[in-house]
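First comes the structure, then the notes that go with it.
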Amino acid sequence: MIRLDSQLIKNYLNLKNEISEISEKYSRNPNEIKLIAVSKTFPSSDIFECFEKGQRDFGENWAQELREKSSELNLEGLMWHFIGSIQTNKLKYIVPCSYMIHSVCRVQEIIEIDKRAFSLGKIQNILIEVNVSGEESKSGISLNEAHSFIEHALKYPNIKVCGLMTMAPNTSETECISSVFSSLRKLRDNLSLKYPDIKELSMGMSSDYSLAIENGSTMLRIGSKIFGSRIYT
């Protein structure tokens, strides 16, 4: 019996093709751009369907949902990325499951992540969230704080700072979004001169991933373009 791909898989494959085409347009290697399928609120069956087609990196925003799904989907090669706001009391759920934590921006988070990682005998990969746009509604350290914050984070032995993450400003003006992404790339480039492990740029979502690719993103956090519109309960 020939299996017909679901709409979810058609969305996924179309997106992969689009990422390759955009990468080629900007002389980027698509293999250097990691797609993180943001699966929050969607069932484990959807994640498994994408996994069968070769997707390996999935992003979750809520600690308990991450814990539940990681327990349900014990699949070799599946990488969980925690991309939501961090509550330090929920790190006990996040650190055991996460390959990468994208949204670190407070010293207390670093202390707790290091403690949890030590107890598990692991080195926890993290990204530092930077609020490039300066919007009060967004989390993250400022551009000016980045050097001192990262220097402090690197003192903790069970943490590896792999790069930076940001959210695009709440605007439809592409020049403004592009400027934010470009600023984060310049910060990464500057930091990597002193700290070679700082390579990743987690920026770009369903509405702005083309601009993110143009400006050097290495990790795209895309959900609705794959899974469809979310229904929150």
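For what it's worth, the numbering used here labels the leading residue of the sequence shown as 10, then goes sequentially. No residue lacks a Cβ here, since even glycine has one placed at the ideal position from N, Cα and C. All values reported here derive from a predicted model rather than from experimental measurement.
With 16 other Cβ atoms within 10 Å as the buried cut-off, status of residue i
i    : result
Y165 : buried
P178 : buried
H161 : exposed
V2   : With the chain running from 10 to 242 in the structure shown, residue 2 is simply not present.
R197 : buried
L229 : buried
S15  : exposed
Y218 : buried
K203 : exposed
D66  : buried
K34  : exposed
S233 : exposed
Residues bridged to residue i [DSSP beta-bridge criterion]
i    : result
V113 : I137
K169 : N134
F91  : E69 and I110
M228 : K43 and S211
M176 : In the DSSP output, where bridge partners are listed per residue, M176 has none listed.
I150 : V139
Option in the options with minimal Cα separation from residue i
i    : options                   : result
L220 : S151, I235 and I31        : I31
T50  : S29, Q73 and K43          : Q73
G143 : N153, V170 and I137       : N153
C185 : L173, V141 and A155       : V141
T175 : F158, I159, E182 and M214 : M214
E81  : N70, S187, V104 and I56   : I56
K62  : G86, I103, S29 and I18    : I18
N167 : E33, I122, L200 and Y204  : I122
C106 : S233, E69, P39 and S48    : E69
Residue i - containing alpha helix (DSSP H), residue span
i    : result
L75  : A72 to E81
E61  : S53 to E61
L200 : T183 to K203
S233 : S233 to F236
S211 : No alpha helix (DSSP H) holds S211; the beta strand (DSSP E) holding it covers E209 to S211.
I222 : Y218 to E223
K43  : Run containing K43: none in the alpha helix (DSSP H); it sits in the beta strand (DSSP E), K43 to V47.
E160 : A155 to A162
L100 : L100 to I103
Residue range of the beta strand (DSSP E) that includes residue i
i   : result
D66 : D66 to E69
K34 : Careful: K34 lies outside any beta strand (DSSP E), inside the alpha helix (DSSP H) at Q16 to K34.
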